[in-house]
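*Asks:* Got a structure for you, written out below as structure tokens; questions coming shortly.
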Amino acid sequence: MKAKKLKIWSEQDYLNWVKQETALKEKYFAMYSTVWDAVVTNPNLMTIPFDDHMVHRGDGVFDNSLVVNGKVYLLEEHLDRIIRSATAIGIKIPLTKEQMREIILETIAITGKRDCIARFWISRGTGGFSVYPDESPRGHFYLIITSFPSYPARYYEEGLTVVTSPFPLRQPFTPQVKSCNYLSNAMMEFFAHNVGVDSAIAIDSEGYLTEGSNKNVAIVTKDKIFKYPRLEKILHGTMLKRAIHFANQLKEQGILKDVVSTDIPISEAYNSSEMMFFSTTLIVAPIVKYDGITIGDGKPGEIYRKLREMFKKDMTENDEVLTPVDYD
Ligand SMILES: Cc1ncc(COP(=O)(O)O)c(C=O)c1O
């Protein structure tokens, strides 16, 4: 018989490992889980059960909310979206919206962090390793508060370079379900980085723009029309929604001629004066090169700059979309 080489840990061995110092505490501040109905702050304890179908089948949904200077930006929108996503795939949501809101706000308060991000999931739940959802009596809610997302400054100052993705961005049911199955999305970024650009945009079967791996895309035509893809083909991004609101204000000011949701052929994007990405973590960033073609004059444009200022103001001053955290 072959000699066994694997160590078998006692509970004490495991606890010794848990108690080890970890550099992860610099970026992962606190986690709540309905498995424990409690919060942990040691990253070595921030785990989820292996038999949760979200782990082994990607059967779960997620969302994220930014915390800016002690206030959560667009929290209601993100809670509504995760509930819509979970409901659409029949997950038995373990908490009410109000309970999720309270848990998120309290867990942020526990960290004491004023600038961070709340990332949360509703999983199918535990029960076994099959694909059958019936195996899980109810879902679980997991929340982690992590450091504020950061991207290279050049994304905002010089703009991103992107390519058309060879992978169709396909979510399991509808693009509106923000599911944990992001393999195509990950492959888009893998492809983009392999060909030496910053990111990628997926197109639909007819060759129209859809979205980025974790961001929405919009263009500004040379005659100042703000265009974004048809909403039925893309995730309803909270930041795109906000950008549409701001773009309509720019229309009222006569800076934009119109704001429209429509099919956008790649060729129209190549000929646009501005292209940009929107997402919770990126906020808004200009795209200056697409498939090797320079967009506009190859520099971040006027509409991008105006939208960026409008976002900054919204995220710091607009109490209608900011939920304060009670840190005491
Ligand atoms: C596929 C996809 N599209 C768009 C977005 C942008 O959405 P939001 O602005 O709500 O972050 C995301 C973000 O998670 C995404 O995953």
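Following numbering that gives the first Met the number 0, the numbering of the sequence shown begins with 0 at its first residue and continues without gaps. Cβ coordinates follow ideal geometry from the N, Cα and C atoms, glycine included.
Could you give the uninterrupted runs of the beta strand (DSSP E) lying entirely in the stretch 240-267, keeping only those of 3 residues or more?
*Replies:* Those beta strand (DSSP E) runs which fall completely within the stretch 240-267 and span 3+ residues are 257-260.
*Asks:* Can you name the start and end residues of the beta strand (DSSP E) that N215 belongs to?
*Replies:* Mapped onto the sequence shown, residue 215 falls at position 216. Taken as a continuous stretch (DSSP letters only), the beta strand (DSSP E) holding N215 covers 215-219.
*Asks:* Taking 7 Å as the cut-off, does the CB of T237 come closer than this to any heavy atom belonging to ligand 1?
*Replies:* Translated into positions along the sequence shown, residue 237 becomes position 238. Because some heavy atom of ligand 1 lies under 7 Å away, the Cβ of T237 counts as near it: yes.
*Asks:* Examine ligand 1 and report whether any of its heavy atoms sits within less than 7 Å of the Cβ of K311.
*Replies:* Here residue 311 corresponds to residue number 312 of the sequence shown, with the count starting at 1. Result no, Cβ not under 7 Å from ligand 1.
*Asks:* Helix, strand or coil for T293? Go by DSSP, reduced to three states.
*Replies:* Taking the first residue of the sequence shown as position 1, residue 293 is located at position 294. T293: strand per DSSP, three-state reduction.
*Asks:* With 16 as the cutoff for other CB atoms within 10 Å, does P373 come out buried or exposed?
*Replies:* With the chain covering 0 to 327 only, the question about residue 373 has no answer from this structure.
*Asks:* Under 8 Å, do A108 and D262 count as touching if we go by C-beta distance?
*Replies:* Position 109 of the sequence shown holds residue 108. Position 263 of the sequence shown holds residue 262. No, they are not a contact pair.
*Asks:* Ends of the alpha helix (DSSP H) at K311?
*Replies:* Locating residue 311 in the sequence shown gives position 312, counting from the first residue. Note, K311: alpha helix (DSSP H), 301-316.
*Asks:* Roughly how far, in whole angstroms, is the beta-carbon of L239 from the beta-carbon of N215, given that I think they are within contact range, below 8 Å?
*Replies:* Here residue 239 refers to the residue found at position 240 when the sequence shown is read from its first residue. Here residue 215 refers to the residue found at position 216 when the sequence shown is read from its first residue. About 4 Å separates the two Cβ atoms, so the contact holds.
*Asks:* Under 8 Å by Cβ, that's how I've got V34 and L159 pegged, so tell me the actual separation to the nearest angstrom.
*Replies:* Translated into positions along the sequence shown, residue 34 becomes position 35. Translated into positions along the sequence shown, residue 159 becomes position 160. In fact, because the Cβ distance is near 39 Å, the residues do not count as touching under 8 Å.
*Asks:* For D50 versus T125, is the C-beta distance shorter than 8 Å?
*Replies:* One-based indexing of the sequence shown puts residue 50 at position 51. One-based indexing of the sequence shown puts residue 125 at position 126. Yes; because the gap between Cβ atoms is below 8 Å, this pair is in contact.
*Asks:* If you reduce the DSSP assignment to three classes, tell me which class L182 lands in.
*Replies:* Translated into the one-based positions of the sequence shown, residue 182 becomes position 183. Helix at L182.
*Asks:* Write down every uninterrupted run of the beta strand (DSSP E) in the stretch 60-131 whose length is 3 residues or greater and which is fully enclosed by it, in chain order.
*Replies:* Complete beta strand (DSSP E) runs here, min 3: 70-72, 115-122.
*Asks:* In this structure, does DSSP put M30 in helix, strand or coil?
*Replies:* Here residue 30 corresponds to residue number 31 of the sequence shown, with the count starting at 1. In this structure, M30 counts as strand in the three-state DSSP scheme.
*Asks:* Please find out if some non-hydrogen atom of ligand 1 comes closer than 7 Å to the beta-carbon of S149.
*Replies:* Working through the sequence shown from its first residue, we reach residue 149 at position 150. S149 Cβ: outside cutoff for every heavy atom of ligand 1.
*Asks:* Just verifying my parser: in three-state terms, what is the DSSP assignment at Y326?
*Replies:* For this step, residue 326 is matched to residue 327 along the sequence shown. Coil at Y326, not helix or strand.
*Asks:* Can the beta-carbon of I82 be found less than 8 Å from the beta-carbon of G138?
*Replies:* Start at 1 with the first residue of the sequence shown, and residue 82 comes out as number 83. Start at 1 with the first residue of the sequence shown, and residue 138 comes out as number 139. No, the pair does not count as a contact, with Cβ atoms beyond the cut-off.
*Asks:* Going by the DSSP bridge assignment, what does S146 pair with across the sheet?
*Replies:* Reading the sequence shown from its first residue, position 147 is the one you call residue 146. Answer is C115, bridged to S146.
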